[in-house]
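Residue numbers (this note's numbering): 826 to 874.
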Amino acid sequence: MLSLLWSLIVILFLIWLVLLLLKIGGTLIYLLLVAAAVLFIIQFFFRKK
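So this is what it looks like as structure tokens:
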């Protein structure tokens, strides 16, 4: 499960970066960044110790 979350975080971040560099997407750029941040926070709090 953790590898799936990390994969989603990385994919969303990379899509965000590409859209930001190409200056397309408008608010979609920031929604992708927020989604990646939320997934990172979820992974951080619910990881196995």
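Beta carbons are placed, not taken as given, at the ideal position from N, Cα and C, and that holds for glycine.
Keep in mind that this is a model prediction, so the values were computed, not measured.
For residue i, the first and last residue of its enclosing alpha helix (DSSP H)
| i | result |
| --- | --- |
| leucine 866 | Residue identity check: residue 866 is isoleucine in the sequence provided, not leucine. Its alpha helix (DSSP H) spans residues 852 to 871. |
Cβ neighbour criterion (16 or more within 10 Å) applied to residue i
| i | result |
| --- | --- |
| alanine 861 | buried |
| leucine 847 | exposed |
| leucine 837 | buried |
Whole-Å CB distance - residue i paired with residue j, under 8 Å assumed
| i | j | result |
| --- | --- | --- |
| leucine 857 | isoleucine 840 | 6 Å |
| leucine 853 | leucine 844 | 7 Å |
Under the three-state DSSP convention, the category residue i falls into
| i | result |
| --- | --- |
| alanine 849 | Correcting the residue identity first, residue 849 is isoleucine in this sequence and not alanine. Of the three classes helix, strand and coil, the one that applies to isoleucine 849 here is coil, per DSSP. |
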